[in-house]
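Chemist:
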Amino acid sequence: MHRSAESVTIVGGGLAGLTLGIGLRQRGVPVVVWEAGHLPRHRVCGEFISGTGQRALDRLGLLDRFRATGACSAAAKVTFFTETTRIAARTLPEPALCISRLTLDDWLAQEFQKLGGELRFGARWTGPCGGGVVRASGRRAAQEARGWRLFGLKAHARNVELEGDLEMHLLPLGYVGLCRLAGGEVNVCGLFRTDTKLPNLARNWRGWLGGPEGSMLRSRLKDARFDEGSFCAVTALSLRPMSATDRSECCVGEALTMIPPVTGNGMSMAFESAELAIEPLVGFSRGDLNWEEARRTIAASCDRRFAARLRHASWLQWGLFHPIGRAILGSLVARSNSFWVGAFQATR
Ligand SMILES: Cc1cc2nc3c(=O)[nH]c(=O)nc-3n(C[C@H](O)[C@H](O)[C@H](O)COP(=O)(O)OP(=O)(O)OC[C@H]3O[C@@H](n4cnc5c(N)ncnc54)[C@H](O)[C@@H]3O)c2cc1C
69 MHRSAESVTI VGGGLAGLTL GIGLRQRGVP VVVWEAGHLP RHRVCGEFIS
119 GTGQRALDRL GLLDRFRATG ACSAAAKVTF FTETTRIAAR TLPEPALCIS
169 RLTLDDWLAQ EFQKLGGELR FGARWTGPCG GGVVRASGRR AAQEARGWRL
219 FGLKAHARNV ELEGDLEMHL LPLGYVGLCR LAGGEVNVCG LFRTDTKLPN
269 LARNWRGWLG GPEGSMLRSR LKDARFDEGS FCAVTALSLR PMSATDRSEC
319 CVGEALTMIP PVTGNGMSMA FESAELAIEP LVGFSRGDLN WEEARRTIAA
369 SCDRRFAARL RHASWLQWGL FHPIGRAILG SLVARSNSFW VGAFQATR
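Structure representation (structure tokens):
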């Protein structure tokens with residue numbers, strides 16, 4: 069007798085969950101995605117995808133189709149600033165793709181549904197993530213890291229002239245990336261830390277994203293017209309790298325671990341981990357692997373792919389949050405193209 073395919077449940081309809089859902093539907097696996105929120109919606113993100121993530125989307129046949137929507141643009145030139153100085157302009161070793169998450173997440177959701185996937189909005193999964201259930205529910209909350217609270221902010225703005233396609237502003241309490249999007253908007257996104265009480269972000273976000281008085285960032289954004297509706301914030305971030313094999317659940321994307329945003333690699337890790345999970349889950353659905361075998365195969369592949377990247381990214385992150393480390397990194401980027409290329413490649 070022919071055995072019917074086992075279905076897979078995915079908890080979380082973000083990039084990782086939807087990409088995995090698409091990959092499984094392309095191979096005929098029945099899939100249900102539970103998404104606690106609704107789409108389209110803005111998410112805190114620098115909104116640029118670097119090389120490896122683009123290749124994963126390409127292998128899934130999604131890259132050219134998404135490009136054809138006209139909703140993304142290529143980025144090659146990035147300029148670095150400290151609070152008061154322009155450090156250097158560098159060319160990305162591989163062009164990045166700049167996209168609005170509002171558009172990308174929604175497009176992936178539609179692709180998943182076109183392929184026959186079932187997407188439940190406003191549906192929060194409260195059960196365990198055991199056999200047949202993949203956790204793609206994004207970053208896990210952490211209250212503080214060595215006495216610091218980390219938070220991220222994002223808003224789109226118009227009327228901002230950039231030097232090049234991307235700008236990175238290194239500040240005493242964090243960093244802010246500016247990314248040119250299709251349609252004339254600029255994404256303004258920052259990661260910050262505070263060792264006191266979390267500020268009122270809904271009221272003070274412009275002050276944080278706009279940079280300190282007298283800074284290069286402040287002058288860059290002096291005429292910016294922010295789109296209030298695009299503002300979003302995330303708090304309680306943990307940047308401590310985690311190993312997939314240490315987790316008892318099958319996880320993809322940031323549910324696995326968060327990479328420091330400065331590398332612009334989180335979306336790539338979401339796409340790549342989803343891609344690594346597809347074949348083992350197809351094996352599970354067909355009855356060739358039991359759940360534990362599928363889960364362990366996915367975890368081992370993710371650890372092999374991401375461990376070094378995560379390690380290098382956390383050194384870089386540590387340096388940027390330390391005044392001396394920031395000065396050293398700034399001077400290395402300014403003086404040495406080999407350092408810049410090496411750091412880019414080591415975190416991808
Ligand atoms: C400040 C900052 C800047 C960044 N900049 C960049 C960048 O420039 N480039 C880049 O590549 N990456 C960047 N990232 C990282 C990137 O945004 C994430 O890596 C990516 O969104 C992770 O995708 P995900 O699908 O794992 O999680 P998410 O996109 O967070 O999706 C998880 C989904 O799960 C849902 N969910 C959660 N719990 C449940 C539940 N119990 N039941 C049902 N649904 C649930 C949530 O509603 C959410 O929709 C940045 C991150 C931050 C914080």
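So the sequence shown is numbered by the numbering used here: it starts at 69 and just counts up by one.
The C-beta atom is built at its ideal place from N, Cα and C for all residues, glycine as well.
(1) If you check the beta carbons only, do His110 and Cys300 fall under 7 Å apart?
(2) Nearest to Arg215 by CA position, among Leu130, Leu305 and Ala177, is which residue?
(3) Near Leu218, what residues of its chain come up, given a Cβ to Cβ distance below 6 Å and the 5 sequence neighbours on each side ignored?
(4) Give, in chain order, every unbroken run of the beta strand (DSSP E) that is at least 3 residues long and sits entirely within the region 252-337.
(5) Using only CA atoms, which one of Glu74, Val76, Leu83 and Val254 lies nearest to Glu340?
(6) Consider the C-beta atom of Ala84 and the heavy atoms of ligand 1; say whether any pair is separated by less than 6 Å.
(7) In whole angstroms, give me the CA-to-CA distance for His224 and Ile392.
(8) Would you be able to state if there are at least three C-beta pairs under 8 Å between the region 363-372 and the region 120-135?
(9) Can Phe148 be considered in contact with ligand 1, in the sense that its beta carbon sits closer than 6 Å to one or more heavy atoms?
(10) So Val146 packs on Leu234, CB below 8 Å; how close in whole Å?
(11) Taking 6 Å as the line, does the beta carbon of Gly114 fall inside it for any heavy atom of ligand 1?
(12) Suppose the cutoff is 7 Å on Cβ atoms and the five residues either side in sequence are ignored; what does the same chain contact list for Gly119 look like?
(13) At a cut-off of 6 Å, is Val302 close to ligand 1 when judged by its beta-carbon and the heavy atoms of the ligand?
(14) Return the residue from the list Pro108, Ala213, Cys318 and Arg93 that minimises the CA-CA distance to Ala73.
(15) Classify Pro11 as buried or exposed, calling it buried when 16 or more other Cβ atoms lie within 10 Å of its own Cβ.
(16) So what does Ala145 bridge to, in DSSP terms?
(17) Can you check DSSP and say which residues form a bridge with Glu398?
(18) At a cut-off of 6 Å, would you count Val79 as near ligand 1, judging by its Cβ distance to the nearest heavy atom?
(19) Check whether the Cβ atoms of Gln385 and Leu324 lie closer than 7 Å to each other.
(20) Quick check on DSSP: helix, strand or coil for Gly129?
(21) Once the 5 residues before and after Ala402 are set aside, which same chain residues still bring their CB inside 7 Å of it?
(22) Is any heavy atom of ligand 1 found at a distance shorter than 6 Å from the C-beta of Pro329?
(23) Between Leu183, Glu296, Pro328 and Val254, which lies nearest to Arg226 when the distance is taken from Cα to Cα?
(24) Which residue's Cα is closest to the Cα of Ala395: Phe148, Gly282 and Ala342?
(25) Which residue's Cα is closest to the Cα of Val228: Val256, Val244, Val409 and Leu176?
(26) For the region 199-206 against the region 315-334, do three or more pairs of beta-carbon atoms, one drawn from each stretch, fall closer than 8 Å, so that the two count as touching?
(27) How many Å lie between Gly351 and Leu344 at the Cα?
(28) Around the Cβ of Asn333, are there at least 16 other Cβ atoms within 10 angstroms (buried) or fewer (exposed)?
(29) Just tell me which of Ala270, Leu241, Asn272 and Lys265 has its CA closest to the CA of Leu259.
(30) Would you mind stating whether Glu115 and Gly81 have Cβ atoms separated by less than 7 Å?
(31) Check for me: the beta strand (DSSP E) holding Leu239 runs from which residue to which?
(32) Just curious, the beta strand (DSSP E) that Ala367 is in, first and last residue?
(33) Inspect the beta-carbon positions of Arg286 and Gly278 and report whether they are closer than 7 Å.
(34) Do Thr159 and Ala136 have their C-beta atoms within less than 7 Å of each other?
(35) Excluding five sequence neighbours on each side, which residues of the same chain lie with their C-beta closer than 7 Å to the C-beta of Gln122?
(36) For Phe389 and Cys318, what's the separation of their Cα atoms in angstroms?
Modeler: So, from the listed chains and residues:
(1) yes
(2) Rather than Arg, the amino acid found at residue 215 in this sequence is Gly. Gly215 has its Cα closest to that of Leu305, out of Leu130, Leu305 and Ala177.
(3) Arg261 and Leu305
(4) 254-262 and 300-303
(5) Leu83
(6) yes
(7) 31 Å
(8) no
(9) no
(10) 4 Å
(11) yes
(12) Glu162 and Arg416
(13) yes
(14) Arg93
(15) Since the displayed the chain opens at 69 and closes at 416, residue 11 lies outside it and no answer follows.
(16) According to the sequence shown, residue 145 is Lys rather than Ala. Its beta-bridge partners are Thr159.
(17) According to the sequence as given, residue 398 is Gly; it is not Glu. Answer by DSSP bridge pairing: none, since Gly398 is not bridged.
(18) yes
(19) no
(20) coil
(21) Ile155 and Ala156
(22) yes
(23) Val254
(24) Phe148
(25) Val256
(26) yes
(27) 12 Å
(28) buried
(29) Leu241
(30) no
(31) Leu234 to Leu239
(32) Segment Trp359 to Leu388 is the alpha helix (DSSP H) holding Ala367; no beta strand (DSSP E) there.
(33) yes
(34) no
(35) Leu131 and Leu165
(36) 32 Å
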